[in-house]
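Please read the structure below before turning to the comments.
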Amino acid sequence: MAQPVANTDPPSVRILTEIRRRIATGELRAGDRVPSTRQITQQWGVAMATATKVLTALREEGLVRVVPGVGTVVDAAAGPSHRRTPPPSRWRGFRT
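Sequential numbering from 1 applies to the sequence shown in the UniProt record's numbering.
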């Protein structure tokens, strides 16, 4: 079971961890929309740049994909058995 993320972690890490958890537990299933950048900014009280960073990280990990006219959705390959390794160099600063 995943350990709770400490409040000392940057907001982007906390949000990323929460959305990953929702995907891993099936709360968000393949094809479900994930929160938009605007929803992330409102729900977590962060800047648009932070919300964009989170969605970009999820996309680079292969957990979500962008569907034109729909938004960002959980990829069919995502879920409990999906790879959980961090993406290449650009996101190494994210702690999970």
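Heads up, the beta-carbon is just placed ideally off N, CA and C, and yes, glycines get one too. Because the structure is a prediction, the values reported are computed rather than measured.
Identity of the residues DSSP links to residue i by a beta bridge
i: G71; result: V67
i: R33; result: V73
Residue i versus residue j - alpha carbon distance
i: V70; j: N7; result: 32 Å
i: T50; j: I23; result: 20 Å
i: V46; j: L16; result: 13 Å
i: L63; j: D9; result: 21 Å
i: E27; j: M48; result: 24 Å
i: V67; j: R20; result: 19 Å
i: S12; j: V74; result: 18 Å
i: A30; j: E60; result: 16 Å
Candidates the options: closest to residue i by CA position
i: P35; options: R59, V13, L55; result: L55
i: T53; options: E27, D9, T37; result: As written in the sequence, residue 53 is Lys, which differs from the Thr given in the question. With distances taken between Cα atoms, K53 lies closest to T37.
Which of helix, strand or coil DSSP assigns to residue i
i: T8; result: coil
(request) Spell out a yes or no on whether the stretch 38–52 and the stretch 69–79 are touching, meaning 3 or more CB-CB pairs, one atom from each, closer than 8 Å. (result) no
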